[in-house]
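In our numbering, the protein residues as written are 1352 to 1707.
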């Protein structure tokens, strides 16, 4: 019986395909050295200091017209809006599910806190990546902005000094022209005023000439020097009267002599003493009238205790009383500072003699 075992050799047909052989072409005869691959491009040198980063951001902002930070803020704000919308939908689903109010609030607060912390954490890294690796200008990359196209960096210090001198000269010329323009404007204004004054004088002269033609002219009885002398004397007299009226002292008008002053003080002291005695008598009569004064009498006594006292110790009942007294005394006297003032004052006080 034939066995179904495999023969000792393989029944698989051998392939006659041969893989192609890659042959490197030989260099040309005139080539002395083999060609080397081109060098890799230089790696960008990112700014390392904060000053260079700020300069790079200012350059990008100037070129783009908007700040890179505003771009990052817009992305984060958009993501926050999506997160809050998702939390709002989640809240509606929880309330429809029928959970308790307290559990719903706790779950929503925890979910919102988790979202906010995750956004802050990962987008802080995103902000650092964008500002330090994307919106950045390498320090070894030459850049010329459009408004720097016409700049000439080959200017020497001598050229700059000459340009500064030219600018200073132009500034002086402009200042001189402005000063001259102001002077001319002032002169024009003054000339216009002089023209107006001369025109007014011309009109006055023409009116006088017309009067001289229409009215008969007669010579003045007084000459101009005489009129000027009269006016000067009148002004001197007016000034003298004005000075005398201001130099008169009110004290001199009231009391001209020491004896009259003493008599007046004695009369005032006598009147004050009589008023004090009358006041004491009134208080004594009031106390004897009622041993237990009523509330009205107590109020009157308190008012009498609170009365204002003058410098000589006399109680003045009211300002109106003092005013009436002064007006009555002024009506009785006929002069100021004379002997009849003392007599009128004595008659007003009801005394016959100051010495008594």
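Backbone N, C-alpha and C fix where the C-beta goes; we use that ideal spot for every residue, glycine too.
query: Check whether residue 1485 and residue 1463 have beta carbons under 8 Å apart; result: no
query: Span of the alpha helix (DSSP H), counted from its first residue to its last, around residue 1423; result: 1419-1448
query: Helix, strand or coil at residue 1394 [DSSP, three-state]; result: coil
query: Residue 1451 in three-state terms, based on DSSP; result: coil
query: Residue 1494 - containing alpha helix (DSSP H), residue span; result: Per DSSP, residue 1494 belongs to no alpha helix (DSSP H) and is neither H nor E.
query: Residue 1435 versus residue 1459 - alpha carbon distance; result: 11 Å
query: Beta-carbon proximity of residue 1487 to residue 1407, cut-off 8 Å; result: yes
query: Backbone CA spacing between residue 1630 and residue 1588 [nearest angstrom]; result: 56 Å
query: Backbone CA spacing between residue 1580 and residue 1529 [nearest angstrom]; result: 52 Å
query: Alpha helix (DSSP H) segment containing residue 1413, residue limits; result: 1401-1415
query: Per-residue DSSP class, three states only, for residue 1466; result: helix
query: Reference residue 1493; option with closest CA among 1410, 1449, 1543, 1592; result: 1410
query: For residue 1617, the three-state DSSP class (helix, strand or coil); result: helix
query: Cβ neighbour criterion (16 or more within 10 Å) applied to residue 1547; result: exposed
query: Three-state secondary structure assigned by DSSP to residue 1503; result: coil
query: Residue 1618 burial status per 10 Å Cβ neighbour count (16 or more: buried); result: buried
query: Per-residue DSSP class, three states only, for residue 1576; result: helix
query: For residue 1500 and residue 1514, the rounded distance between their alpha carbons; result: 20 Å
query: Beta carbon of residue 1474 nearer than 8 Å to that of residue 1427; result: yes
query: Rounded straight-line distance, which links the Cα of residue 1517 to that of residue 1402; result: 36 Å
query: Reduced DSSP secondary structure (H/G/I, E/B, other) of residue 1582; result: helix
query: Test item: CB-CB of residue 1419 and residue 1521 under 8 Å; result: no
query: Closest by C-alpha distance to residue 1490, when choosing among 1391, 1400, 1388; result: 1400
query: Rounded separation between residue 1442 and residue 1478 - CA only; result: 30 Å
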